[in-house]
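Structure record follows, encoded as structure tokens.
Residue numbers (the working numbering), protein chains in the order written: chain E, 1179 to 1453; chain G, 801 to 1199.
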């Protein structure tokens, strides 16, 4: 069976005045069903851009991105919205709940956009809220809850549409360590239940909770392997010194002329992405 | 996501900020209220005018002889000849106005109109006699000093016993021979209105006012709808005498009513358009607030888009919200307009003692509602488009 998420030479370039910033540069990777993957990197490593592309919030400048066998790179904005609704469940660092809605209404939002109506919608929302232990708070509003509870609501919302991929962007970033562990526990539980979880983080201690780690540095993949591999926690420089850096990421930078020529090849796509 | 849900969502957003919504609606409320009250005033004025003309008789044509630089002047007999010679005309009566009012005992009443008319005049006006008799041919022929008084004169100045008594017009005493039936609806005859008059024989009136040639006549038509032909017949008859169409003025009441109604309508339309400008201003107000609202809710829009909201859904949501705000303003404006019409009716009654009701027309109400909802859609579109075009990544990052 084909991979659930497949990057083929995905690039994302931004034009900043005269210079071209390569946020993601020729990244290829595959994530299969029922994997628990952490994409790790410091700020500026390209992990947020990667997460935006995986989450269909953005399209690559060059290369191909296949999600569940579908070519996403060339889709229009409304098609992307439909894919997000159908295949992806987002968990954000700042929970991103709608403050004016009750918990239940918050959880129902993705179902509403999917066209699920009435009792079916209500029942499904109740089901996921019960699974995160918040069935007693359905009429409350997000600001009446603790951070950990709010993050559980956002997990419930991510699950409500039976997504193929659960995409968690620094889900513990705004939580204390104890509630952070709880949330990670939920993610691990979801993985055990057969879900595919992609965790984006800068924190190695959180990344090791996943099965597999993909480490990004300067827009390149420097490590891709099991989380218990001793190399998983090493930086690109350390790996390069040990001669273990993978091909493709080993060359520090392309020649400037070459990079400029490449950016010119796809000027339209680049502009589109800038909008 | 269906339309009903979009509406529900819009309502809950409107409910969440009531004061702001009210202030947003204010321009629309004022505009719609103004349009309805102004059109109601126009409506009331037109009805009032028609009522007044109905009393005067819409089947009458008034003729004024100016007779400048002519050799011969039209006589009363000439006018009768014209009236009887036309298939469209029914009758004619000279009308001689006498100024100065009347004197009952030692009291002078200037408001009472005194008119010299023919024996047929009351019949022409479909005005009956309740007491005594009407004017007769012999009264005219002999220039008798007799008169008919209106119901108001009878009741107010003679306590209902006018017949047989006398009234002084100028320096001459007239014997009251009859009382005309009441014309105004006013039960207790508190105001004189159309019942405050005295009719005397025109020949007597002409002699007392030293009028050589009677220059004012009232014709009646057989059918109101053939007023143009009737007017033409009178003009043709007069042209034969004067050979100059500037020597006389022929105005049918139907034409006059039409002219006045047209003028009134133009005036009301202009006023309504001016009031309508405030609707446009109200629309700009809505656009302004919606733009602020889109900026404020950038994060919400980002979240909704991330969760799968298509651009068309976001667009619809904001357009409908603007349209509902505006339409709600329209409804409040309509209610205020109705109250305003009542207030205007009371005010007009108080200030002018004219019994005119300001009536809002349903067409203007429907139009006001349609326009206000339309303005919401029109001016809500730009902010909604802005919201729909937001990039989800930027919107999510917005704080």
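A virtual CB, placed ideally from N, CA and C, is assigned to each residue, including glycine.
Handout entry: residue 1263 of chain E beta carbon less than 8 angstroms from that of residue 1212 of chain E
Key = No, they are not a contact pair.
Exercise for the section: Can you tell me which of E/1223, E/1352, E/1332, E/1355 puts its alpha carbon nearest to the alpha carbon of residue 1104 of chain G? Expected result: Check the Cα spacing between residue 1104 of chain G and each of E/1223, E/1352, E/1332, E/1355: the tightest is with E/1332.
Problem - CB contact below 8 angstroms: residue 1292 of chain E versus chain G - result: Residue 1292 of chain E has a beta carbon lying within less than 8 angstroms of a beta carbon in chain G.
Exercise for the section: Identify whether residue 1300 of chain E lies in helix, strand or coil by the three-state DSSP scheme. Expected result: It is helical.
Handout entry: Proximal residues to residue 1127 of chain G (C-beta, below 8 angstroms), its chain only, five neighbours per side dropped
Key = 1169, 1172, 1173, 1176, listed in sequence order.
Problem - Cα-Cα separation between residue 1164 of chain G and residue 831 of chain G, rounded to whole angstroms - result: Residue 1164 of chain G and residue 831 of chain G have their C-alpha atoms spaced approximately 12 angstroms apart.
Problem - Cβ pair residue 1027 of chain G, residue 982 of chain G closer than 8 angstroms - result: The answer is no: Cβ separation not under 8 angstroms.
Problem - Reduced DSSP secondary structure (H/G/I, E/B, other) of residue 1191 of chain G - result: Of the three classes helix, strand and coil, the one that applies to residue 1191 of chain G here is coil, per DSSP.
Handout entry: For residue 864 of chain G: DSSP bridge partner residues
Key = DSSP output for residue 864 of chain G lists G/1016, G/1049 as bridge partner(s).
Practice task
Please state whether DSSP places residue 1220 of chain E in a helix, a strand or coil.
Solution key: Assigned with DSSP and collapsed to three states, residue 1220 of chain E falls in coil, not helix or strand.
Practice task
Using a threshold of 8 angstroms, state whether the C-beta atoms of residue 1246 of chain E and residue 1342 of chain E are closer than that.
Solution key: In contact: residue 1246 of chain E and residue 1342 of chain E (Cβ atoms closer than 8 angstroms).
Exercise for the section: Pull up the distance between the alpha-carbon of residue 886 of chain G and that of residue 926 of chain G, whole angstroms please. Expected result: Residue 886 of chain G and residue 926 of chain G have their C-alpha atoms spaced approximately 21 angstroms apart.
Problem - alpha helix (DSSP H) segment containing residue 958 of chain G, residue limits - result: Under the DSSP assignment, residue 958 of chain G falls in the alpha helix (DSSP H) whose first and last residues are 951 to 958.
Exercise for the section: Would you kindly work out how many angstroms separate the C-alpha atoms of residue 1249 of chain E and residue 1392 of chain E, rounded to a whole number? Expected result: If you draw a straight line from the Cα of residue 1249 of chain E to the Cα of residue 1392 of chain E, it comes to about 22 angstroms.
Exercise for the section: Note down, in chain order, every chain G residue with its Cβ under 7 angstroms from the Cβ of residue 1255 of chain E. Expected result: For residue 1255 of chain E, the chain G residues whose Cβ falls inside 7 angstroms of its Cβ are 1111, in order along the chain.
Problem - Beta-carbon proximity of residue 1307 of chain E to residue 1334 of chain E, cut-off 8 angstroms - result: Taking the C-beta atoms as reference points, residue 1334 of chain E is found nearer than 8 angstroms to residue 1307 of chain E.
Exercise for the section: Identify each residue in the segment 1312 to 1324 of chain E for which the Cβ-Cβ distance to at least one residue of chain G is less than 9 angstroms, and report them in chain order. Expected result: Listed by position along the chain: nothing, the set is empty.
Exercise for the section: Report yes or no: is there a C-beta of chain E within less than 8 angstroms of the C-beta of residue 1121 of chain G? Expected result: No, no contact with chain E.
Handout entry: Selection from G/1149, G/1167, G/1156, G/1122 that minimises the alpha carbon distance to residue 820 of chain G
Key = Nearest option by C-alpha distance: G/1122.
Problem - residue 820 of chain G: contacting residues in chain E (beta-carbon distance under 9 angstroms) - result: The contacting residues do not exist; residue 820 of chain G stays about 14 angstroms from chain E at best.
Exercise for the section: Kindly say whether residue 1201 of chain E, judged by its beta-carbon, lies nearer than 8 angstroms to any beta-carbon of chain G. Expected result: Closer than 8 angstroms to the CB of residue 1201 of chain E there is not a single CB belonging to chain G.
Exercise for the section: Using beta-carbon positions only, say whether residue 963 of chain G and residue 935 of chain G come within less than 8 angstroms of one another. Expected result: For residue 963 of chain G and residue 935 of chain G, no; Cβs fall outside 8 angstroms.
Problem - Within-8 angstroms CB hit, residue 1100 of chain G to chain E - result: Chain E has a Cβ within less than 8 angstroms of the Cβ of residue 1100 of chain G.
Practice task
Answer with buried or exposed for residue 1429 of chain E, where buried requires no fewer than 16 other C-beta atoms within 10 angstroms of its C-beta.
Solution key: For residue 1429 of chain E, the predicted structure reports a pLDDT of 44, less than 50, and the residue's modelled location is therefore unreliable. The matter cannot be settled from this model.
Handout entry: Near-chain E residues of the segment 1082 to 1106 of chain G - C-beta to any C-beta below 9 angstroms
Key = So the list reads 1099, 1100, 1102, 1103, 1104, 1105, 1106, given in the order they occur along the chain.
Exercise for the section: With 8 angstroms as the threshold, decide whether the Cβ of residue 814 of chain G is near any Cβ in chain E. Expected result: Under the 8 angstroms criterion on CB atoms, residue 814 of chain G is classed as non-interfacial with respect to chain E.
Practice task
Quick one: grab the DSSP three-state call for residue 1267 of chain E.
Solution key: Here DSSP, grouped into helix, strand and coil, assigns residue 1267 of chain E to strand.
Practice task
Examine the Cβ distances between the segment 902 to 919 of chain G and the segment 1041 to 1054 of chain G and report whether three or more of them are shorter than 8 angstroms.
Solution key: By the criterion of at least three beta-carbon pairs nearer than 8 angstroms, the segment 902 to 919 of chain G is not in contact with the segment 1041 to 1054 of chain G.
Exercise for the section: From the DSSP output, read off the bridge partner residues of residue 831 of chain G. Expected result: None, per the DSSP bridge assignment.
Practice task
Return the bridge partner residues of residue 1242 of chain E from the DSSP annotation.
Solution key: According to DSSP, residue 1242 of chain E bridges with E/1186.
Exercise for the section: Examine chain G for any beta-carbon lying closer than 8 angstroms to the beta-carbon of residue 1287 of chain E, and answer yes or no. Expected result: Chain G, which has a Cβ nearer than 8 angstroms to the Cβ of residue 1287 of chain E, makes this yes.
Handout entry: Sub-8 angstroms separation of residue 996 of chain G and residue 913 of chain G beta-carbons
Key = Yes, the Cβ-Cβ distance between residue 996 of chain G and residue 913 of chain G is below 8 angstroms.
Exercise for the section: Compare the C-beta of residue 808 of chain G with all C-beta atoms of chain E and state if any pair is closer than 8 angstroms. Expected result: Closer than 8 angstroms: no.
Handout entry: Cβ of residue 846 of chain G within 8 angstroms of any chain E Cβ
Key = Chain E contact via Cβ: absent.
Problem - Limits of the beta strand (DSSP E) - the one that residue 1043 of chain G falls within - result: It is not in any beta strand (DSSP E) - residue 1043 of chain G carries neither H nor E in the DSSP assignment.
Practice task
Within 10 angstroms of the Cβ of residue 907 of chain G, are there 16 or more other Cβ atoms? Answer buried if so, exposed if not.
Solution key: Within 10 angstroms of the beta-carbon of residue 907 of chain G lie fewer than 16 other beta-carbons, which makes it exposed.
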